[in-house]
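Participant: Take a look at the following structure, please.
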Amino acid sequence: MIELDIFSDTVCPWCYIGKKRLEKAISNHKDTKFKQTWRPFQLNPGMPPDGMDRQEYLISKFGSADAAKTIYDNIYDEGLVEGINFNFDSIMTTPNSFNSHRLLALAYKQGVQENVLDSLFESYFLNGEDIGDPNVLLDIAIKHKIDAEDFKSYLSDQENIEPLANEEIQARKMGINSVPTFIINKQIVINGAQTSENFEIIFQKLKNSLN
Numbered sequence: 000m001i002e003l004d005i006f007s008d009t010v011c012p013w014c015y016i017g018k019k020r021l022e023k024a025i026s027n028h029k030d031t032k033f034k035q036t037w038r039p040f041q042l043n044p045g046m047p048p049d050g051m052d053r054q055e056y057l058i059s060k061f062g063s064a065d066a067a068k069t070i071y072d073n074i075y076d077e078g079l080v081e082g083i084n085f086n087f088d089s090i091m092t093t094p095n096s097f098n099s100h101r102l103l104a105l106a107y108k109q110g111v112q113e114n115v116l117d118s119l120f121e122s123y124f125l126n127g128e129d130i131g132d133p134n135v136l137l138d139i140a141i142k143h144k145i146d147a148e149d150f151k152s153y154l155s156d157q158e159n160i161e162p163l164a165n166e167e168i169q170a171r172k173m174g175i176n177s178v179p180t181f182i183i184n185k186q187i188v189i190n191g192a193q194t195s196e197n198f199e200i201i202f203q204k205l206k207n208s209l210n
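According to numbering that gives the first Met the number 0, the stretch in the sequence shown is residues 0 to 210, in order.
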């Protein structure tokens, strides 16, 4: 088995691209079992609970609307190669992503984390939905057969906040400061949305070392 621990954020377009590339590589190793765990890392840990206006956020981060457009045009082109038709213009709010990570933690326990993450990416990047909104998150939970009351209870339970926050703190202590970051078999660390070919080379080397 190859274990993958992936630190990512649900509002990170490169994480969406990286997930697609990883899946492509995994699909070419059907004789190998993979275990994926998607772990929390907030790009904007200081984001207000209700998020902020998207354009205001982009200008504060990149200095100007033109600078942001140049960056996101490149991301759009990279996304198309992986079958993602980013719809950045539909995004009105840059959300606080912490509750979406809480949903992912619950989804992991129920064995549907990867599918829930796909829905979070699609909701945000393709449909422009505010994935900081508990109602949007509830719809995604229900779509993946997570009981509505279970999710509401989980979201209102303050005790699950600290463990998840600590997971991100530990990531930063490990030197992780950008996402996506892939940790393979607890020892190989790869930063950024690597190509599918790079993943395949690593997977093949690991398989060869076991033979």
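The beta carbon of each residue, even a glycine, is placed where N, CA and C say it ideally should be.
Bear in mind the structure is a predicted one, so any value in this text is a computation, not a measurement.
#1: How should Q186 be labelled, buried or exposed, when 16 other C-beta atoms within 10 angstroms of its C-beta is the threshold for buried?
#2: Measure the CB-CB distance between L163 and A66 and report whether it falls below 8 Å.
#3: H100 to T194, Cα distance in whole Å?
#4: Is the beta carbon of A192 less than 8 Å from the beta carbon of G17?
#5: Look at the alpha carbon of L79 and the alpha carbon of Y15, and state the distance between them as a whole number of angstroms.
#6: Spell out a yes or no on whether the region 47-57 and the region 123-137 are touching, meaning 3 or more CB-CB pairs, one atom from each, closer than 8 Å.
#7: For the pair the region 55-74 and the region 108-123, tell me if three or more CB-CB distances fall below 8 Å.
#8: Suppose the cutoff is 6 Å on Cβ atoms and the five residues either side in sequence are ignored; what does the same chain contact list for F6 look like?
#9: Along the chain, which unbroken stretches of the alpha helix (DSSP H) at least 4 residues long are found entirely within the region 5-65?
#10: Measuring straight from C-alpha to C-alpha, what distance separates L102 and L205?
#11: Among the candidates A106, F61, Q54, Q157, whose CA atom is the shortest distance from the CA of S89?
#12: Please classify E211 as buried or exposed, where buried requires at least 16 other C-beta atoms within 10 Å of its C-beta.
#13: Rounding to the nearest angstrom, what Cα-Cα distance links N86 and L136 in this structure?
#14: Which first and last residues belong to the alpha helix (DSSP H) in which N134 is found?
#15: Buried or exposed: where does W98 fall if 16 or more other Cβ atoms within 10 Å of its Cβ makes it buried?
#16: Using the C-alpha atoms, what's the distance from F61 back to K144?
#17: Using the rule of at least 16 other Cβ atoms within 10 Å of the residue's Cβ for burial, across every protein chain shown, is Q112 buried or exposed?
#18: Report the rounded CA-to-CA distance for I183 versus T92, giving the unit in angstroms.
#19: By Cβ distance below 6 Å, which residues in the same chain neighbour L57 in space, the five residues on each side in sequence not counted?
#20: Where do the N-terminal and C-terminal ends of the beta strand (DSSP E) with F85 fall, by residue?
#21: Within 10 angstroms of the Cβ of A106, are there 16 or more other Cβ atoms? Answer buried if so, exposed if not.
Facilitator: Reading off the structure:
#1: exposed
#2: no
#3: 25 Å
#4: yes
#5: 12 Å
#6: yes
#7: no
#8: R38, F40, A170, I175, V178, T180
#9: 12-26, 53-61
#10: 32 Å
#11: Q54
#12: What is shown of the chain runs 0 to 210, which leaves residue 211 out entirely.
#13: 19 Å
#14: 133-142
#15: Looking at the sequence provided, one finds Asn at residue 98 rather than Trp. Under this definition N98 is a buried residue.
#16: 39 Å
#17: buried
#18: 34 Å
#19: A67
#20: It is not in any beta strand (DSSP E) - F85 carries neither H nor E in the DSSP assignment.
#21: buried
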